[in-house]
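A.B. asks: All the letters of the sequence shown, read from the start, carry residue numbers 162 to 412 under this note's numbering. Glycine is no exception: its CB is placed at the ideal position from the N, C-alpha and C atoms. Bear in mind that the values here come from a model prediction, so they are computed numbers and not experimental data. Please find one structure pasted underneath; my questions will follow.
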Amino acid sequence: MALWGTKTRRGEKLMERLQESLDQAPLVEMEELITLAQLQASVKRAVIEQTQAMANDGALHDIVYCWFVLVAGELGREGLLLAIDGLGRSEGDAPDETAIPTLTRHILGVLPDVLREIHLSEAFTRRLALYETLEGALLLGDAQVKERLRTFALERWEVERSWPKPELLDEPLYLLYFLGDTKLGERVREARSLCRPGEQVYAQLDDVENLMRGGMDFLDRARQIVGEDWKATARHLERAFNVGASRERPR
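In structure tokens:
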């Protein structure tokens, strides 16, 4: 009982350190907290609850929320579901720059959840962020996973093309390219007929055609992500965003 209480108190102290870390990524504390939460159910529960509370309070813009998402994402499905829930919902870039790599690395554990959320979401930014995580499944998935992705991509092609103003026609086409779709050229031509030159999606279709000609490799970034760990994402956040000013951003 005493040992249980000691671990719980240590977990609370580490969480306090994360909440105070506005100037740099607290890598040492995060690593210890992940290890402790993997061993102690009460610590894991506290991390999950704190991450959820910050999301409920509208703190998605806060860099501290990002530290907690990184920790929660290493604690299994429950933490990854929190990352999914926050995708595409923040005004700032840092939360998505946290959740997308986290989910890309662990996508096989929550693939059905990501696919379902794409089907359910109507918001452009949220669907786009969710689509990005699927690159991990292309790299890490076996034949069964890729067949599931193929079915999903064909379903999404039909859905995306049916919107009055299609904005994400390219996303299912990217998937179908990597999954060896034999009708991709025909689908790209149809996609062009559904949008206009000058629209962002029209330019994205140029990228799909470049893929077909062998001129680009859109999985390079995903390969880097799956070869890294959560620490690389934390360091990226530290470099890319004004960590010290994160709490002063308007909600």
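1) Contact defined as beta carbons within less than 8 Å: I believe L380 pairs with E296. What is the distance between those atoms, to the nearest angstrom?
2) Does DSSP put H222 in a helix, a strand or coil?
3) Alpha carbon to alpha carbon, how far is G388 from D378?
4) Label T259 either buried or exposed according to how many other C-beta atoms from any shown protein chain fall within 10 Å of its C-beta, with 16 as the threshold for buried.
5) For A244 versus V230, is the C-beta spacing smaller than 8 Å?
6) Counting along the chain, where does the alpha helix (DSSP H) carrying A393 start and finish?
7) Determine whether the beta carbon atoms of V208 and L194 lie at a separation below 8 Å.
8) In angstroms with no decimal places, state the Cα-to-Cα distance between A255 and G219.
9) Leaving out the 5 sequence neighbours to the left and right, which residues in its chain are closer than 7 Å to K287 when beta-carbon positions are compared?
10) Have a look at Q215 and Q185 and give me their C-alpha separation to the nearest angstrom.
11) Check each candidate in E360, R311 and R317 and name the one with the smallest Cα separation from E283.
12) Considering only the alpha carbon of each residue, which of K307, K326, E399 and Y226 lies closest to Q213?
13) What is the DSSP secondary structure of T167, counted as helix, strand or coil?
14) Closer than 7 Å by C-beta to E328: which residues in its own chain qualify, once you throw out the five before and the five after it? Chain order, please.
15) Note down the Cα distance separating V306 from I386, rounded to an integer number of angstroms.
16) Between the stretch 353-369 and the stretch 393-401, do at least 3 Cβ pairs fall closer than 8 Å?
17) Quick one: what does DSSP say G405 is sitting in, helix, strand or coil?
18) Could you check the C-alpha separation between L221 and I268 for me, to the nearest Å?
19) If you draw a straight line from the alpha carbon of F339 to that of R309, how long is it in whole angstroms?
20) Cα separation between V271 and I261?
21) Could you give the C-beta distance for Q199 and L242, rounded to a whole number, given that I count them as a contact under 8 Å?
22) From V275 to W391, what does the alpha carbon distance come to, in whole angstroms?
23) Locate the alpha helix (DSSP H) running through H280, then write down its first and last residues.
24) For M181, which of helix, strand or coil comes out of DSSP?
25) Residue range of the alpha helix (DSSP H) that T263 falls in?
C.D. replies: Answer, in terms of the structure:
1) Locating residue 380 in the sequence shown gives position 219, counting from the first residue. Locating residue 296 in the sequence shown gives position 135, counting from the first residue. Right, the Cβ-Cβ distance comes to about 6 Å (below 8 Å), so this counts as a contact.
2) Sequence index remark: in the sequence shown, residue 222 carries index 61 (1-based). Helix at H222.
3) Here residue 388 refers to the residue found at position 227 when the sequence shown is read from its first residue. Here residue 378 refers to the residue found at position 217 when the sequence shown is read from its first residue. Their backbone Cα atoms lie some 17 Å apart in a straight line.
4) Start at 1 with the first residue of the sequence shown, and residue 259 comes out as number 98. When all chains shown are included, T259 counts as buried.
5) By one-based count along the sequence shown, residue 244 stands at place 83. By one-based count along the sequence shown, residue 230 stands at place 69. Yes. Within cutoff.
6) Reading the sequence shown from its first residue, position 232 is the one you call residue 393. It spans W391 to A401 - the alpha helix (DSSP H) in which A393 sits, taken as one unbroken run.
7) What you label residue 208 is simply residue 47 of the sequence shown in a count that begins at 1. What you label residue 194 is simply residue 33 of the sequence shown in a count that begins at 1. Yes, they are a contact pair.
8) As a first step, residue 255 must be located in the sequence shown, where it is residue number 94. As a first step, residue 219 must be located in the sequence shown, where it is residue number 58. In a straight line, the C-alpha of A255 is about 14 Å away from that of G219.
9) Residue 287 sits at position 126 when you count from the first residue of the sequence shown. Note on residue identity: the sequence assigns Arg, not Lys, to residue 287. Same-chain partners within the cutoff: L248, G249 and R250.
10) In the sequence shown, the residue the question calls residue 215 occupies position 54. In the sequence shown, the residue the question calls residue 185 occupies position 24. Before going on, a small fix: residue 215 reads as Met here, not Gln. Using only the alpha carbons, I get a separation of about 19 Å.
11) Indexing the sequence shown from 1 puts residue 283 at position 122. Of the listed residues, the one whose Cα sits closest to E283 is R317.
12) In the sequence shown, counting from the first residue as 1, residue 213 sits at position 52. Of the candidates K307, K326, E399 and Y226, the one whose C-alpha sits nearest the C-alpha of Q213 is Y226.
13) Looking up residue 167 in the sequence shown gives position 6. DSSP places T167 in helix when its eight states are reduced to three.
14) On the sequence shown, position 167 is the one that residue 328 refers to. Here the set comprises F285 and V362.
15) Locating residue 306 in the sequence shown gives position 145, counting from the first residue. Locating residue 386 in the sequence shown gives position 225, counting from the first residue. Cα to Cα, V306 sits roughly 19 Å from I386.
16) no
17) As a position in the sequence shown, residue 405 is number 244, starting the count at 1. For G405, the predicted model reports a pLDDT of 49, less than 50, meaning its position is unreliable; a value from the coordinates is still stated below. Helix, per DSSP.
18) Numbered from 1 along the sequence shown, position 60 holds the residue referred to as residue 221. Numbered from 1 along the sequence shown, position 107 holds the residue referred to as residue 268. Using only the alpha carbons, I get a separation of about 21 Å.
19) On the sequence shown, residue 339 is found 178 positions in, with the first residue counted as 1. On the sequence shown, residue 309 is found 148 positions in, with the first residue counted as 1. Between F339 and R309, the C-alpha separation is close to 13 Å.
20) Here the question's residue 271 lines up with position 110 in the sequence shown. Here the question's residue 261 lines up with position 100 in the sequence shown. Those two C-alpha atoms are separated by around 13 Å.
21) Position 38 of the sequence shown, counted from the first residue, corresponds to residue 199. Position 81 of the sequence shown, counted from the first residue, corresponds to residue 242. That pair is no contact at about 17 Å.
22) Translated into the one-based positions of the sequence shown, residue 275 becomes position 114. Translated into the one-based positions of the sequence shown, residue 391 becomes position 230. V275 and W391: Cα-Cα distance of roughly 20 Å.
23) By 1-based counting over the sequence shown, the position of residue 280 is 119. Element bounds for H280: L272 to L281.
24) Numbered from its first residue, the sequence shown carries residue 181 at position 20. A small correction: the amino acid at residue 181 is Glu; Met does not occupy that position in the sequence shown. E181: helix per DSSP, three-state reduction.
25) Position 102 of the sequence shown, counting from 1, holds the residue named residue 263. From DSSP, the alpha helix (DSSP H) with T263 extends over A255 to R266.
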